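See structure below.
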Amino acid sequence: MGAYDIGADSPHTKPVYWLIEQLRDRSIAVRSRDVNVPANLGDVKRLQSGAGLYTEMCSGCHLGPGLEKSEISQGLYPRAPELSREEQRSPKEQFWIIKHGVKLTAMPAWGKTHSDELIWDMVAFVRQLPRMSPAQYQAAIASAPEDHDAMMKDMPGMTKTAP
369 MGAYDIGADS PHTKPVYWLI EQLRDRSIAV RSRDVNVPAN LGDVKRLQSG AGLYTEMCSG
429 CHLGPGLEKS EISQGLYPRA PELSREEQRS PKEQFWIIKH GVKLTAMPAW GKTHSDELIW
489 DMVAFVRQLP RMSPAQYQAA IASAPEDHDA MMKDMPGMTK TAP
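Going by the numbering used here, the sequence shown runs without a break in its numbering and finishes at 531.
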């Protein structure tokens, strides 16, 4: 036993990677099919909230326009997609991935700790990333709400504020 190297620094064989990719993509497509996309993904407040959430929770792995690879992003296998450079999934698929995470990757299930509204905020912002210059990305981050606790006010147990 122990014949298969599961180390993150040892890539899968091409057939194994192909199989995992097919399973992942089909699973996401099927499970996201009935997700209802809100009409206000372009709302400024939604984008500002999404910018704050993205910079705190996502940019270490998925980077952003003008960001250098981080220690975390370099050590991930499979590597996290650079969302500002790669082909976008549909909003339904992005929502499902953020909410439920992806097994056998470092993608967590944010739906355990974040409301659907906050997840849609992240989706809205992620959809803007490919069109952002590094300066626009920094401006978006600067426009985000400063208080993460305020964004999490409706999530019991998720704020740092003492009772």
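Glycine included, every Cβ here is placed at the ideal spot set by N, Cα and C.
Nothing here was measured: the structure is a model prediction, and the numbers come from that model.
Go ahead and label Ser378 buried or exposed: buried means 16 or more other beta carbons lie within 10 angstroms of its beta carbon, across all protein chains shown.
exposed
Span separating the alpha-carbon of Ile396 from that of Glu454:
17 Å
Which one of Val405, Thr473 and Lys467 has the shortest CA to CA distance from Ser392?
For clarity, residue 392 is Arg in the given sequence; the question names Ser instead. Among Val405, Thr473 and Lys467, the Cα nearest to that of Arg392 is on Thr473.
Supposed contact pair Lys460 and Val405 - C-beta distance, whole angstroms, cut 8 Å:
The distance from the Cβ of Val405 to that of Lys460 is about 6 Å, consistent with a contact at the 8 Å cut-off.
Ser452 by DSSP, collapsed to three states: which one?
coil
Taking the alpha carbon of Ala492 as the point to measure from, which residue in Val398, Gly370, Asp411 and Ser438 has its own alpha carbon closest?
Asp411
If I'm right that Pro446 touches Pro502 with Cβ under 8 Å, what's the distance once you round it to whole angstroms?
Pro446 to Pro502, Cβ: 26 Å. No contact.
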